[in-house]
Ligand code: ADP
Ligand code: ASP
Ligand code: MG
């Protein structure tokens, strides 16, 4: 079998853990498998690099951010390869570029567009275990890029798809995907299976456990992912796979929340064709992803538009808004950084009316005000004040009795 394994930051945080991972990889290799191993930066290295950067500059050049952040993963690949070598196995470490990971030119949140597997294949054919730096690639302009926070998952799934691997295992500090973040809801239940579509919502709506783009790729290439614990190799994790193989479909399979949210409101926006396109094109041109958009009812030929973006993008978005104010003609704008998005996910929602109402009741019972709402076939999201987010997640989890899933 060809197995791609990915070990997250906490799984390689210390020399002892790196040695444990090495042993795990070697076990797989000695069992006769071809092994490709993707690793993240050790522990909080990426955060530490960002702190360091902030001490040097408040306006980092995006290219140099990638140059800096990509070093974290390079430490891990070298050390893990040394540890594997000590166990007597043939091994080679490769950076993203050496492994053929080609991305677009968008620094800091690049997308993988192709993987040239030649080098990887030839190393595997020589009998090497191949250790690849996650989270990074090389752009069409031959620059080092990174894939956005948490992007090593995406490196692993992309490599698994490109190599047509038999198995893609993501080892992390939890033993699977739960009905809510187990750090926030201690009695959350572990899901044995979750569909790609649901997992994509979980990930996009703030459940850190998998990077959204990794799930998108897994769905596209119909690649199952096993999410497992790197602290206890003996527990079964969660299998993310296509619906047809699922055991059962839950009405609501979980609750997620996202703190990386900010809201911008534009007031007295002229109510005529072409206005929304001007606003959102300008934001898109700066690679700012807009999430929820709400337009109020018209009064005197004007209305208000509010939208949410990642809090990380707030300064960039505010400068776009300021730039277009005269051209678009709104009278003023405001922003709120103190908001979070709380969501429920479930593919059974579509055929069960009243699910959204139950969620709103859970919030009402806690006296939590809902500022914005969006729905789709398999999710409902509410924007609330950040200080209420955790309380909201717990109340909703309880209301849907998600602690009782077996
Ligand atoms: P890694 O460094 O291995 O990539 P991450 O910190 O990125 O690990 O992701 C694992 C974390 O995701 C867990 O520690 C957990 O707190 C968080 N998490 C959020 N939502 C969920 C969920 N629904 N199920 C499991 N873990 C979750
Ligand atoms: N080291 C990167 C991060 O912390 C990538 C990853 O861990 O997946 O975001
Ligand atoms: Mg992660």
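In the numbering used here, the protein residues as written are 38 to 443.
Heads up, the beta-carbon is just placed ideally off N, CA and C, and yes, glycines get one too.
As the structure is a computational prediction, the values presented were derived from the model and not from experiment.
Would residue i and residue j qualify as a contact pair, given that the criterion is a beta-carbon distance under 7 Å?
i, j, result
"residue 378", "residue 423", "no"
"residue 214", "residue 237", "no"
"residue 376", "residue 420", "yes"
"residue 168", "residue 118", "yes"
"residue 345", "residue 326", "no"
"residue 385", "residue 287", "yes"
"residue 374", "residue 336", "no"
"residue 262", "residue 277", "yes"
"residue 40", "residue 72", "yes"
"residue 198", "residue 260", "yes"
"residue 106", "residue 83", "yes"
Compare the Cα-Cα distances from residue i to each of the options and report the closest residue.
i, options, result
"residue 355", "408, 299, 376 and 120", "299"
"residue 179", "143, 191 and 155", "143"
"residue 411", "330, 350, 402 and 390", "330"
"residue 427", "334, 222 and 136", "222"
"residue 339", "368, 363 and 326", "368"
"residue 152", "116, 254 and 93", "254"
"residue 442", "92, 198, 228 and 141", "228"
"residue 437", "315, 224, 273 and 308", "224"
"residue 264", "108, 160, 257 and 274", "274"
"residue 322", "353, 311, 332 and 249", "353"
"residue 70", "99, 94, 38 and 60", "38"
"residue 78", "185, 93 and 109", "109"
"residue 245", "257, 271, 258 and 297", "297"
"residue 177", "343, 138, 160 and 158", "138"
"residue 388", "370, 402, 414 and 394", "414"
Apart from the five residues just before and just after residue i, which ones in its own chain have a Cβ nearer than 8 Å to its Cβ?
i, result
"residue 433", "292, 379, 381, 396, 399 and 400"
"residue 210", "45, 47, 48, 266, 267 and 268"
"residue 319", "357, 360 and 361"
"residue 307", "338, 339, 365, 366 and 367"
"residue 403", "425, 428, 429 and 432"
Quick one: what's got a C-beta closer than 6 Å to residue i's C-beta in the same chain, skipping five residues either side?
i, result
"residue 103", "144, 181, 182 and 183"
"residue 416", "238, 380 and 382"
"residue 42", "74 and 206"
"residue 408", "420"
"residue 204", "40"
"residue 315", "365"
"residue 133", "170, 173 and 174"
"residue 208", "44, 48, 265 and 267"
"residue 235", "290, 382 and 384"
"residue 141", "147, 148 and 150"
"residue 4", "Residue 4 lies beyond the stretch modelled for the chain, which goes from 38 to 443, so this question has no answer here."
"residue 333", "340 and 341"
"residue 370", "303 and 358"
"residue 258", "198"
"residue 12", "Because the chain is modelled from 38 through 443, residue 12 falls outside the range shown and cannot be assessed."
Which residues in the same chain as residue i place their Cβ atom closer than 7 Å to its Cβ, once the five residues preceding and following it in sequence are excluded?
i, result
"residue 282", "Low local confidence applies: a pLDDT of 46 at residue 282 is under 50, so the model's placement there is unreliable, with the coordinate-based value given in what follows. So no residue of the chain qualifies."
"residue 430", "217, 221, 222, 292, 294 and 379"
"residue 372", "299, 300, 301, 351 and 355"
"residue 425", "405"
"residue 201", "none"
"residue 63", "121, 124 and 126"
"residue 448", "Nothing can be reported for residue 448, as the shown portion of the chain is limited to 38 through 443."
"residue 219", "211 and 225"
"residue 435", "none"
"residue 61", "270"
If contact is defined by three or more beta carbon pairs under 8 Å, each pair taking one atom from either stretch, is the segment 41-61 in contact with the segment 134-151? no
Say whether the segment 224-243 touches the segment 303-313, bearing in mind that this needs 3 or more beta-carbon pairs closer than 8 Å, one atom from each stretch. no
Would you say the segment 162-169 touches the segment 121-134, given that touching needs at least three Cβ pairs under 8 Å? yes
Would you mind listing the alpha helix (DSSP H) stretches within the segment 183-227 that are 4+ residues and don't spill past its ends, in chain order? 189-199
Minimum length 3: unbroken beta strand (DSSP E) runs contained in the segment 266-324: Fully contained in the segment 266-324 are the following beta strand (DSSP E) runs of length 3 or more, in chain order: 275-278 and 291-307.
Assess contact between the segment 189-202 and the segment 167-177, defined as three or more Cβ pairs (one per stretch) separated by less than 8 Å. Is contact present? yes
Would you call the segment 84-92 and the segment 56-65 in contact, with 3 or more CB pairs under 8 Å? no
Entirely within the segment 365-414 and at least 3 residues each: give me those beta strand (DSSP E) ranges in chain order. 369-382 and 409-413
Secondary structure, alpha helix (DSSP H): runs of 4+ residues fully inside the segment 80-108: 82-93
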